[in-house]
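Heads up: the structure comes next, in structure tokens.
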Amino acid sequence: MTDSDSSLPASFDIRDYLRTDLFPHFMCVGCGHGIALRCLLTAVHELGISKDELAVVSGIGCSGRIAAYIDANTLHVTHGRPLTFASGLKLARPDLTVVVVTGDGDCLSIGGNHLIHACRRNLDITCLMLNNEVYGMTGGQVSPTTDEGRYTTTTPLGNHEPSFDACSIATAAGASLVGREITFQAPALKNLIVEAISHPGFGFVEVISDCTEIYGRRNDLGSSTEMILSQKSGMRPESYGGALDQPFRPGNWQTGVLSRSDREEYAAAYRRRTRSARPEEQT
Ligand SMILES: Cc1ncc(C[n+]2csc(CCOP(=O)(O)OP(=O)(O)O)c2C)c(N)n1
0 MTDSDSSLPA
10 SFDIRDYLRT
20 DLFPHFMCVG
30 CGHGIALRCL
40 LTAVHELGIS
50 KDELAVVSGI
60 GCSGRIAAYI
70 DANTLHVTHG
80 RPLTFASGLK
90 LARPDLTVVV
100 VTGDGDCLSI
110 GGNHLIHACR
120 RNLDITCLML
130 NNEVYGMTGG
140 QVSPTTDEGR
150 YTTTTPLGNH
160 EPSFDACSIA
170 TAAGASLVGR
180 EITFQAPALK
190 NLIVEAISHP
200 GFGFVEVISD
210 CTEIYGRRND
220 LGSSTEMILS
230 QKSGMRPESY
240 GGALDQPFRP
250 GNWQTGVLSR
260 SDREEYAAAY
270 RRRTRSARPE
280 EQT
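The sequence shown: position 17 = 16 (numbering that gives the first Met the number 0), numbered continuously.
So, in structure tokens, the structure goes:
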């Protein structure tokens with residue numbers, strides 16, 4: 000995606016949305032998280048959301064660090080808890096567009112329980128889970144999405160656990176929009192984020208990212224270019240818009256919107272119930 004992308008106004012300059020005084024950023028060369036950041040900010044721009052109207056909440060990890068670079072209302076909170084902070088924020092300030100940026104470790108390990116209940120609750124929050132298959136920030140420990148057989152600092156003989164399908168979990172737990180996209184397909188990822196932010200309910204987006212330095216090197220996955228190209232060869236384009244009906248394995252990605260329902264958004268339902276229970280308090 001370039002600044003001359005025909006779907007964008009010519010005025011788009013990503014630096015307007017960044018705290019460039021914090022640069023140079025700390026991401027490694029080839030890290031897929033930067034692509035996700037750009038897609039998020041492009042989506043925000045395209046939707047015409049001002050920086051005052053945007054709140055980005057993140058947990059801890061390389062993924063979590065992204066919030067610090069965004070020039071909007073940002074909360075960089077405790078490991079695994081961005082969805083809980085975001086829930087409180089969205090209830091208190093329903094006027095804000097609330098986006099959570101989290102990692103596979105942050106969201107599915109320490110934050111797994113919070114993810115399930117955030118999906119079930121269906122507040123109008125967009126959750127971007129940047130899945131690089133590893134705990135990147137802390138040196139490359141195994142994560143719930145690490146593929147079987149992969150080497151990490153905590154699986155020196157190869158990972159024996161099967162990988163977690165975050166999109167199936169989110170769908171089963173009741174998220175009203177669930178999708179997945181690879182960073183190789185940046186325009187499609189941007190479009191999916193636009194769709195998730197526009198959706199009135201909990202939107203869960205799994206972003207297939209790459210950790211080239213900590214994970215790629217240890218597993219001989221090649222250069223960052225080779226890693227991102229291998230995302231493409233593992234994609235199943237025939238499944239665009241399809242159901243979650245195929246066995247899941249990293250590198251065998253179903254992409255696009257995977258499930259959607261029009262369940263009532265939690266805060267709207269809560270306010271409706273409050274109004275009918277206490278009509279005398281309404282002005
Ligand atoms: C309560 C708590 N436990 C553990 C940590 C250490 N810790 C910080 S980041 C992280 C892993 C992050 O991995 P992931 O969410 O996959 O993000 P990535 O760095 O790969 O983007 C861990 C275990 C912490 N900060 N707080």
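Don't be surprised by glycine CBs; every beta carbon is placed ideally from N, CA and C.
So residue i and residue j are in contact, right, with Cβ under 8 Å, and what is the actual spacing, rounded?
| i | j | result |
| --- | --- | --- |
| Leu-17 | Asp-70 | 6 Å |
| Thr-101 | Gly-58 | 5 Å |
| Glu-205 | Ala-165 | 5 Å |
| Gly-157 | Ser-175 | 37 Å between Cβ atoms; not a contact. |
| His-113 | Gly-79 | 7 Å |
| Ala-266 | Leu-122 | 6 Å |
| Val-177 | Ser-258 | 5 Å |
| Ile-213 | Gly-135 | 5 Å |
| Cys-27 | Thr-151 | Not really, about 16 Å apart at Cβ, beyond 8 Å. |
Pick out whichever of the options has its Cα sitting closest to the Cα of residue i.
| i | options | result |
| --- | --- | --- |
| Val-56 | Gly-31, Ala-85 and Thr-41 | Ala-85 |
| His-24 | Arg-64, Glu-147 and Gly-148 | Arg-64 |
| Gly-233 | Gln-184, Asp-261 and Ala-42 | Gln-184 |
| Thr-41 | Asp-209, Leu-188, Glu-264 and Phe-201 | Leu-188 |
| Ile-207 | Glu-279, Arg-37 and Glu-132 | Glu-132 |
| Ser-222 | Glu-45, Gly-29 and Phe-22 | Gly-29 |
| Phe-11 | Pro-81, His-75, Ile-109 and Ile-48 | Ile-48 |
| Arg-120 | Glu-180, Gln-253 and Gly-87 | Gly-87 |
| Val-256 | His-198, Ser-229, Arg-270 and Tyr-214 | His-198 |
| Ile-192 | Met-26, Thr-83, Ser-260 and Leu-46 | Leu-46 |
| Pro-249 | Lys-231, Arg-262, Glu-263 and Glu-264 | Lys-231 |
| Thr-153 | Phe-163, Gly-138, Glu-263 and Arg-14 | Gly-138 |
| Ile-196 | His-75, Gly-111, Asn-72 and Val-99 | Val-99 |
| Thr-190 | Arg-37, Ile-13 and Gly-31 | Correcting the residue type first, residue 190 is Asn in the shown sequence and not Thr. Comparing Cα positions, the closest option is Arg-37. |
| Ile-115 | Gly-202, Gly-31 and Thr-73 | Gly-202 |
| Asp-209 | Pro-278, Thr-273 and Met-128 | Met-128 |
| Asn-72 | Asp-51, Lys-89 and Asp-15 | Asp-51 |
| Cys-126 | Leu-21, Leu-39, Thr-224 and Arg-270 | Leu-39 |
Is it right to say residue i is buried, meaning 16 or more other beta carbons lie within 10 angstroms of its own, or is it exposed?
| i | result |
| --- | --- |
| Ala-268 | exposed |
| Ala-117 | buried |
| Ile-34 | buried |
| Thr-284 | No answer is possible for residue 284: it lies beyond the span of the chain, which begins at 0 and ends at 282. |
| Ala-54 | buried |
| Ala-91 | exposed |
| Ala-242 | Low local confidence applies: a pLDDT of 48 at Ala-242 is under 50, so the model's placement there is unreliable, and no value is given. |
| Arg-179 | buried |
| Asn-218 | buried |
| Pro-186 | exposed |
| Ile-181 | buried |
| Thr-170 | buried |
| Glu-237 | Reliability fails at Glu-237, whose pLDDT of 49 lies under 50, so the model's placement of it is uncertain and the value that follows must be treated cautiously. With fewer than 16 other Cβ atoms within 10 Å, it is exposed. |
| His-159 | exposed |
| Ile-13 | exposed |
| Pro-161 | exposed |
| Pro-81 | buried |
| Gly-240 | Since pLDDT at Gly-240 reaches only 44, below the 50 mark, its modelled position is unreliable, and the value read off the structure follows with that caveat. Under this definition Gly-240 is an exposed residue. |
| Phe-163 | buried |
| Glu-263 | exposed |
| Asn-251 | exposed |
| Thr-224 | exposed |
| Thr-273 | exposed |
Could you please give me the residues that DSSP links to residue i through a beta bridge?
| i | result |
| --- | --- |
| Val-141 | Val-133 |
| Phe-203 | Cys-126 and Val-177 |
| Leu-188 | For Leu-188, which the question treats as bridged, DSSP gives no partner whatsoever. |
| Ile-69 | Leu-17 |
| Ala-54 | Asn-72 and Val-97 |
| Ser-353 | Outside the shown range of the chain (0 to 282) lies residue 353, about which nothing can therefore be said. |
| Met-234 | Trp-252 |
| Thr-154 | Thr-151 |
| Gly-79 | None; Gly-79 has no bridge partner. |
| Gly-102 | Leu-129 |
Check whether chain C comes within 9 Å of residue i, counting only Cβ atoms and requiring the distance to be less than that.
| i | result |
| --- | --- |
| Arg-270 | Within the model displayed, chain C is absent; a lone protein chain is all it includes. |
Sufficient close CB pairs (3 or more, under 8 Å) joining the segment 129–149 to the segment 102–115: Taking 8 Å as the limit for Cβ pairs, the verdict is that the segment 102–115 does touch the segment 129–149.
Residues near ligand 3, criterion Cβ-heavy atom distance below 7 Å: Ligands in the displayed structure: ligand 1; ligand 3 is not one of them.
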